[in-house]
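Chains as they are written, first to last, in the working numbering: chain G, 18 to 394; chain L, 194 to 479. Just so you know, even glycine gets a beta-carbon here, dropped at the ideal spot from N, CA and C. Please read all numbers here as calculations on a predicted model, not as lab measurements. Taking it in order: structure first as structure tokens, then the write-up.
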């Protein structure tokens, strides 16, 4: 789960990281009032969870409260990469002398957190990592020990930060570490961390991504989820314990198991079709779960055929077949369906479906070919 | 022979009185696995399976009383890290964590702690281990594989069952099937398992089932090209997965250009691994 800039920075501030003065506005009038209170130039920043806000016209400097009102009016009308702008952050404009990058993320292959700094702040870190990886200074952190002072100093020295700023930089690095650990983040990032004309360090932009599996420890943060990020059906699916991701194709897939669900998408493509979704119904496919999943798949108007691919292990195929038939009684549809059942009690399951005049397949390849043909009509 | 588990494994089940734990304990016992103890804090002194298996309050007590050497964990995600620490501190040699949804910070701490101990962790978010005809530790259905000489290692659950089943239908048997799990940070990776299969005299061929996310497959390819002399066939799931989206498994995500199926397939092919276009091709590649 991603946190908005304003909330990420608010969290950072709780851990002693200096951030610009600012407030959230949902209307242009509010933006004007905030700008008036801040008394001086401000930055009006769209709060949407995508990169490239600046390029899309979602970040603008205003010199007067009236300008802030106008910018907020323009920005609140924008849709950036399919996401509507619902609020803007009005921040005191900083006197930027230098921009650096500071972030902490999980290093998957090292199985440790890694803290990274770069003298080239303000640009996409992945771009730097790609083009000039030597400009990123990295340091792995032992999760049982935490960030050490020397590590923060090494980073500061590594990016040629003036010694005058080392103490402040160290404090910020520790604050970011605390924010990352205490929020179960998978990413905590300040980009840019600016050196101001007055010689202060200031976190001008912030980003946090939290581990969905750890949200039970942070019920307070769950409320800050941006519901625009996932398609409505994806949220509906999550509420029913289903894992669904919408894609652009026309063959709906219902599968038990994530690896098998991906494989089913791949094989549809391999035989010339396009998958409409990823859907993992998990273990023990009850009739209720199957029908909810089917409703979700069919809510996508592009879907011209549905492929069920179920491996019966502990889950029995005849039970799943019954689930599918019950679901079809509830969900009225003319979309052709292809069912493949394999494993425990597959023969019984197939018979039930064949009696109900459904198309069944023995192998995954055969099922995919049938579904591709059915989608073409 | 086999790797990790066999008929001599003395298994302890953490979370044995929970719904999942109890259900799968029955299946493991029915398969012939020696389940010697269960642990549920606060339920020590009880018995499960009609008085066949004693329940203890702690792993330490259970181990001392029964000589358990392996533990399988079925406790809810929020208690899993504690369960892994407890098993490791009690001197259990092999821990298999089935639980899905363990926070990644917990896993970083667990993994870094366990690295200092003589203990192997498999999982979390995995289906466990199956040595056909000898022992089933976890949730892999026992009836879908027969004993043989093929070692199987996978990040997935049902996709692995598919392949086991396809092999069985052609009477191709398996030495051990290792589900290493779908999480970004786990206890045992492909290389660890490949190393064991390479050393195991019973294993003559290897099947590797990977998916998008991370670089474990690329690292495995590098390892294979240098250290594995047995033939390896592979399948990688997720060629059609969109970048930036988590495909069910916590670890199955293409991020910042890393974790792509194409890169993994390319690396494996370079290591002379035969890569299947779909899972049903696997048996013909062996």
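Asked	Found
Could you tell me the alpha carbon to alpha carbon distance between residue 39/G and residue 88/G, rounded to whole angstroms?	16 Å
Who are the Cβ neighbours of residue 22/G in its own chain at under 8 Å, not counting the five residues just before and after it?	62, 64, 106, 222, 223, 224
Can you check which of these residues, 442/L, 373/L, 471/L, is closest to residue 274/G by C-alpha distance?	442/L
Using CA atoms only, rank isn't needed, just tell me which of 326/L, 348/L, 287/L is closest to residue 401/L.	348/L
Verify whether the separation of the beta carbon atoms of residue 183/L and residue 289/L is less than 8 Å.	Since the displayed chain L opens at 194 and closes at 479, residue 183/L lies outside it and no answer follows.
Going by C-alpha distance, which of 73/G, 324/G, 111/G is nearest residue 37/G?	111/G
If you follow the alpha helix (DSSP H) that residue 346/G is part of, which residue opens it and which one closes it?	334 to 347
I believe residue 242/G touches residue 18/G by the beta-carbon criterion, under 8 Å. Please report the beta-carbon distance rounded to the nearest angstrom.	5 Å
Quick one: what's got a C-beta closer than 6 Å to residue 264/L's C-beta in the same chain, skipping five residues either side?	205, 207, 280, 285, 288
Using beta carbons (cut-off 8 Å, strictly below), is residue 90/G in contact with chain L?	no
With distances taken Cα to Cα, identify the nearest neighbour of residue 203/G among 72/G, 125/G, 267/G.	125/G
Are the Cβ atoms of residue 272/G and residue 311/G separated by less than 8 Å?	no
Between residue 30/G and residue 20/G, what straight-line distance do the alpha-carbon atoms span, to the nearest angstrom?	14 Å
Entirely within the region 269 to 313 of chain G and at least 4 residues each: give me those alpha helix (DSSP H) ranges in chain order.	275 to 287
At least one CB of chain L closer than 8 Å to the CB of residue 279/G: is that the case?	yes
Along chain G, in chain order, which residues have C-beta atoms closer than 9 Å to that of residue 349/L?	274, 275, 276, 277, 279, 280
Per the DSSP calculation, residue 231/L is bridged to which residue(s)?	206/L, 248/L
Contact between the region 325 to 343 of chain L and the region 365 to 385 of chain L: three or more CB pairs below 8 Å?	yes
If I'm right that residue 322/G touches residue 356/G with Cβ under 8 Å, what's the distance once you round it to whole angstroms?	Wrong, their Cβ atoms sit about 12 Å apart, outside the cutoff.
With 7 Å as the limit, tell me which residues of the region 57 to 73 of chain G have their beta carbon closer than that to any beta carbon of chain L; keep them in chain order.	none
Is it right to say residue 382/L is buried, meaning 16 or more other beta carbons lie within 10 angstroms of its own, or is it exposed?	buried
Where does residue 280/G land, buried or exposed, given buried means 16+ other C-beta within 10 angstroms?	buried
Please name the residue or residues paired with residue 178/G in a DSSP beta bridge.	Residue 178/G is not bridged to any residue.
What are the start and end residues of each continuous beta strand (DSSP E) run of 3 or more residues lying completely inside the region 29 to 63 of chain G, in chain order?	39 to 42, 59 to 63
Which stretch, first to last residue, makes up the beta strand (DSSP E) that contains residue 354/G?	354 to 360
What is the rounded straight-line gap between the Cα of residue 221/L and the Cα of residue 359/G?	22 Å
Rounded to whole angstroms, how far is the Cβ of residue 287/G from the Cβ of residue 471/L, which I believe are closer than 8 Å?	6 Å
Could you tell me the alpha carbon to alpha carbon distance between residue 467/L and residue 451/L, rounded to whole angstroms?	22 Å
For residue 340/L, which of 351/L, 326/L, 350/L, 352/L has the nearest alpha-carbon?	326/L
Is the beta carbon of residue 427/L sitting closer than 8 Å to the one on residue 469/L?	yes
Please go through the same chain and pick out, in chain order, the residues whose beta-carbon is closer than 8 Å to the beta-carbon of residue 273/L, but skip the five residues on each side of it.	266, 290, 292, 295, 299, 317
Is it buried or exposed for residue 255/G, if we count other Cβ within 10 angstroms and need 16 for buried?	exposed
Which chain L residues are close to residue 143/G, counting only those with a beta carbon under 7 Å from its beta carbon?	449
Taking only beta carbons into account, state which residues of the region 373 to 387 of chain G come closer than 9 Å to chain L, listed in chain order.	380, 381, 382, 385
Which word fits residue 162/G, buried or exposed, when buried means at least 16 other C-beta atoms lie within 10 angstroms of its C-beta?	exposed
Does any CB atom of chain G fall closer than 8 Å to the CB of residue 317/L?	no
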